[in-house]
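Numbering (my numbering) for the sequence shown: 23 to 251.
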Amino acid sequence: MTAQKDPDTRARILRAAVRLLTEADGEPVSTRAVCTAAGVGAPTLYHHFGDKRGLFDAVAAYGFEEYLASKRAQDGTGDPVDDLRRGWDLHIEYGRTNPAFYTLMYGTSRTPPVADEAHAILLGLVGAVARAGRLRVPVDTAARMIHAAGVGVTFAIIAGEDDGELSVRTREAILGAITVSPGGKENGTASASARAVALRAALTADPPPRLTATEAALLNEWLDRIADG
């Protein structure tokens, strides 16, 4: 049976690459080793994945699927900031326990479509904080800050630069920079930026039907300027 007609061939090659990558402890994995482990020739591997980069892009997509399984299963705590905190911890732990996959996912591979779901989950967590009136910066800004800091911390941990408190300290510093206390108050005063962010998130989730597209865009611009202020 040819590679073109065998529906299991691609999956067998991918499983072999995943296993070898997991066992390699950070060392490079060759396509020759993958072919040997999968019991196929190089033309078969290239038929299914195009080239080595295509193969490891597929491995990265596999890693994202594995990571997302745990993200999808995350239960809410009733406190959106604590949910965000738990999401950070889950992200860091995945990288700590799966360094080879993580390096592919966030370092060397092209971003697979499935990564969009991971970003959507992060936006959902941040959006819940905003709707609770506890976010001091716009949702997209907060999400970018969390993502950049989380990926940086995870790579530092993978490189062995963790002092045992790096993740917690960075997490709390980021949360301190983007959130306010319950009620959206700082020093007993309601935060205008938190109110603007909360209204912006609410309008995004449930757009007002009586506003034209131009009016809605203008309102969002005003709210973003208040939030950034």
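Each residue gets a CB set at the ideal place from its N, CA and C atoms; glycine is no exception.
| query | result |
| --- | --- |
| Three-state class that DSSP yields for S92 in the structure shown | helix |
| Nearest-angstrom Cα separation, counted from A220 out to D246 | 11 Å |
| Start-end ranges of the alpha helix (DSSP H) lying completely within the stretch 56 to 89, minimum 4 residues | 64 to 71 |
| Buried/exposed call for R153, threshold 16 Cβ in 10 Å | buried |
| CA nearest to the CA of L157, picked from R107, V103, H169, N120 | V103 |
| Residues of its chain near A55, where Cβ-Cβ distance is below 7 Å and the 5 sequence neighbours each way are ignored | L42 |
| CA nearest to the CA of I200, picked from T234, D162, A224 | D162 |
| Sequence-distant residues of the same chain with beta carbon closer than 7 Å to A64, five excluded per side | T53, C57 |
| Buried versus exposed call for P244 [16 or more other C-beta atoms within 10 Å across all chains shown] | Here residue 244 is Trp; the residue named in the question, Pro, does not match the sequence. Exposed, since its Cβ has fewer than 16 Cβ neighbours within 10 Å. |
| Y68 vs V40 beta-carbon contact at 8 Å | no |
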